[in-house]
Structure formats: C-alpha cells, structure tokens
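In terms of our numbering, the sequence shown has 732 at position 234, counting the first letter as 1, and numbering is strictly consecutive.
Where a beta carbon is used, it is the ideal one built from N, C-alpha and C, also for glycine.
On a predicted model such as this, the values are computed, not experimentally measured, just so you know.
Worksheet: the structure to be examined is printed underneath.
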Amino acid sequence: MLDSFKRNDTLKLAQDPRYWLLALAGGLMFFHLALTDQTGDMKSFSICLIFWGAIASMVWDKKETLKFRTTLSASLFATTLLLLAFWKILQISSGGIFVQAVPLIFGFSLALLASSWQGLGQYHKELLAFAVLALPGERFLAGNIESLIQSITGYSFTMLTAATSTFGLSLIGMKPLLTDGVYINLSRSIVRVHEGCSGAGIIDFLLRLSFLFLIIFTTTRLGKWLAPVIAIALGFLVNSFRVAVMAYLINNFNTETFDYWHVGSGSQIFGAIGVILFGLICFPFITSESAQSAAESPGEHGT
C-alpha cells in the first residue's frame with residue numbers, strides 16, 4: 499500500500515509542468531555558466547553567477563503567487579527561440595556578445611513557457627535583470643561613462659588612475675613623479691599605466707551589480723541615485739589602489755608577488771573587495787515597500 503502511495507505521488511510530480519520548468523531552468527542556468535566558464539573570463543563568470551543566483555532567488559520568493567498558464571503559440575515561440583539559441587551557440591567558438599545575451603533569451607523563453615504572453619508582467623524584474631546582464635561587453639557601461647568624463651575634463655580613466663595611484667604612493671612616502679599622464683616614476687622603476695589597467699572592467703562590474711541591487715531591493719530615493727555613483731567611485735578607487743600596489747611591488751623587484759596579484763588568482767581579490775565594500779555602503783539604503791510608500795505619499799494632518 500505504501501509503495502502504491504509513493505508511486506502515485508511520483509506520478510503527480512511528473513505530471514506537474516512546474517517541476518519540468520524548474521528542471522529546464524536549472525539545466526539552462528548550468529549550461530550558460532559552463533559556457534561562460536569555458537571562456538576563461540573570471541569577471542564574466544562571476545557576474546553571471548551572481549545574476550543567475552539573484553534571479554533564481556527572486557522567482558523562488560514569489561513562487562506561491564505566480565500564475566502558470568501556457569498557450570500553444572507561446573510554447574511554440576519559446577521552443578523555437580531556444581532551438582535557435584542552441585544552434586547559434588554551436589556556431590561560435592568563444593565568448594562574445596551573444597553569450598552574454600543568452601541568459602535573456604533563456605529567461606524570456608522560460609517566462610513564455612510558464613505563463614504565456616499574458617503572464618510576462620510577473621517576471622518584469624527578472625527580465626530587466628537579464629537585460630542588464632546582456633549589455634554588450636564587460637566595459638560597455640564604463641566605456642560610455644569614460645567618454646562623458648573625458649569630453650568634460652579631457653582626462654581618460656587611465657590618466658585619472660595613474661594620478662590617483664601616484665597620490666596614494668606619495669602618502670606612504672615614496673615620492674613618485676607622474677609624467678606624460680601615465681608614467682609613474684619611482685626611485686628604482688618606471689611604471690606605465692596601460693589602458694587595460696584603467697579600471698573600466700571593475701567599474702562596469704560594480705555598475706551592473708548596482709542595477710541588480712536596485713532591481714532586487716526597495717531602496718530610499720537617495721539610494722536609487724547614489725548606488726550607481728558609489729559603484730563607479732568604488733570601482734575607480736579599488737583599481738587605483740591595485741595599480742599603486744603593483745607599482746610598489748615592481749619598485750621592490752618582487753616579481754613573483756607582482757605576477758600573483760596582477761595576473762594570478764590574487765587579481766580576483768580586488769574585485770571581491772569592491773563587491774564587499776559596495777554591499778556594506780549600500781545596505782543602509784534598503785527599506786521596506788511600506789516604508790517607501792509612506793515616505794513618498796503626502797502626510798495627513800488633522801485640524
């Protein structure tokens with residue numbers, strides 16, 4: 499009798515389309531993470547892992563209120579979209595813009611399969627997060643900001659990074675001299691800050707994270723404006739600190755430690771520092787939806 503009940507429960511689970519959708523979503527997530535991992539780009543893999551985890555958490559939190567309704571047209575469209583995406587993936591040999599856009603395609607297809615066209619609004623936050631992740635290139639956001647800053651000040655991120663790192667080194671008594679905007683002259687070495695060390699990568703990383711933060715959490719009005727600004731400032735300062743450390747190591751001929759912090763696994767620690775600092779600084783901006791509504795609505799006063 500007990501075995502019969504177990505078989506019936508298993509059959510009911512197998513017939514529930516929600517469990518098939520959950521399995522499909524998990525498979526697509528792991529497939530994309532594996533695809534990103536193959537590119538060898540740890541920054542891209544890290545941001546994809548964070549976004550997938552956050553989006554999965556958002557869907558799980560509201561699973562009881564989601565309305566599941568499928569239609570033939572939506573299912574056919576979603577299935578065709580997934581097949582075309584896999585066909586395109588087979589045609590590429592490395593990462594690129596399409597690999598970044600794949601999660602948005604997967605997410606949109608899953609939403610259609612789960613709730614059809616009429617139910618897409620239930621997933622507007624998740625789809626918006628996927629859209630942020632799909633923005634082209636790891637320096638897309640930072641590149642546009644850098645162009646704006648350079649048009650106003652005449653200085654690129656590379657030059658600003660070199661100047662800030664030089665100032666930081668002077669604070670510890672090293673007496674560096676900055677020449678031509680990018681050369682840090684020290685007592686026993688000259689370090690050139692290349693464009694790849696401008697910090698655009700980590701700024702873009704933290705900017706995407708700030709948008710995800712604003713999508714997930716209800717924040718104060720001030721927090722909505724400050725979170726992206728804090729992301730840019732932190733990315734720039736953390737990278738400037740990194741360049742200063744690299745210059746210090748080179749000046750002391752510590753090439754083994756330099757290689758570890760520059761291209762080895764130690765290079766990822768600076769990104770982790772930026773994420774932790776961003777979380778600590780922006781955490782106070784989080785508020786409840788009721789408190790946010792009360793703050794934005796005019797108060798009522800008796801007479």
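Taking 8 Å as the cut-off, the beta carbon of residue 710 is found no closer than this to the beta carbon of residue 597.
The straight-line gap separating the alpha-carbon atoms of residue 643 and residue 662 is approximately 18 Å. The C-beta of residue 549 has 16 or more other C-beta atoms within 10 Å across all chains shown, which makes the residue buried.
Of the candidates 701, 585 and 602, the residue whose Cα lies closest to the Cα of residue 638 is 701. From the listed residues 606, 757 and 533, the smallest Cα separation to residue 590 is found for 533.
Using a Cβ distance threshold of 8 Å, residue 660 and residue 635 do not count as a contacting pair. The Cβ-Cβ distance between residue 770 and residue 667 does not fall below 8 Å. Residue 778 sits in a helix when the DSSP states are folded into three classes.
For residue 600, the enclosing alpha helix (DSSP H) stretches over residues 595 to 613.
Your pair residue 620 and residue 564 checks out as a contact, with CB atoms roughly 6 Å apart and the cut at 8 Å. The alpha helix (DSSP H) runs of length 4 or more contained entirely in the region 512 to 599 are, from start to end of the chain, 515 to 536, 540 to 559 and 570 to 589. Residue nearest to residue 543 within the set 651, 527, 576 and 778 is 527 (criterion: CA-CA distance).
784 is the residue among 768, 784 and 677 whose C-alpha sits nearest the C-alpha of residue 724. Taken through DSSP and simplified to helix, strand or coil, residue 630 comes out as helix.
If you draw a 10 Å sphere on the C-beta of residue 622, you find fewer than 16 other C-beta atoms in it, and that means exposed. The three-state secondary structure of residue 676, taken from DSSP, is strand. Residue 628 and residue 602 do touch by the CB rule: their CB atoms are close to 4 Å apart, below 8 Å.
In summary, residue 530 is buried, with 16 or more beta-carbon neighbours lying within 10 Å of its beta-carbon over all protein chains present. If you draw a straight line from the Cα of residue 582 to the Cα of residue 605, it is about 14 Å long.
By the criterion of at least three beta-carbon pairs nearer than 8 Å, the region 669 to 677 is not in contact with the region 725 to 740. Note that the C-beta distance between residue 716 and residue 786 is below 8 Å. In the structure shown, residue 670 falls within a coil segment according to DSSP collapsed to helix, strand and coil. Around the beta-carbon of residue 774, fewer than 16 other beta-carbon atoms lie within 10 Å, marking it exposed.
The DSSP-derived three-state label of residue 653 is coil.
Put simply, the backbone Cα of residue 586 is about 22 Å away from that of residue 571.
Here residue 612 is buried. Its C-beta has 16 or more other C-beta atoms within 10 Å. Our two residues, residue 556 and residue 625, have alpha carbons roughly 11 Å apart in a direct line.
DSSP places residue 728 outside any beta strand (DSSP E); the residue lies instead in the alpha helix (DSSP H), whose first and last residues are 719 to 749. In this structure, residue 749 lies near residue 686, with their beta-carbon atoms less than 8 Å apart.
Taking each of 517, 576, 632 and 614 in turn and checking the Cα distance to residue 599, the smallest one comes out for 632. Check the Cα spacing between residue 744 and each of 658, 772, 573 and 765: the tightest is with 765. Annotation for residue 707: 545, 548, 729, 773 and 776 place their beta carbon closer than 8 Å to its own, counting only its chain and skipping 5 residues before and after.
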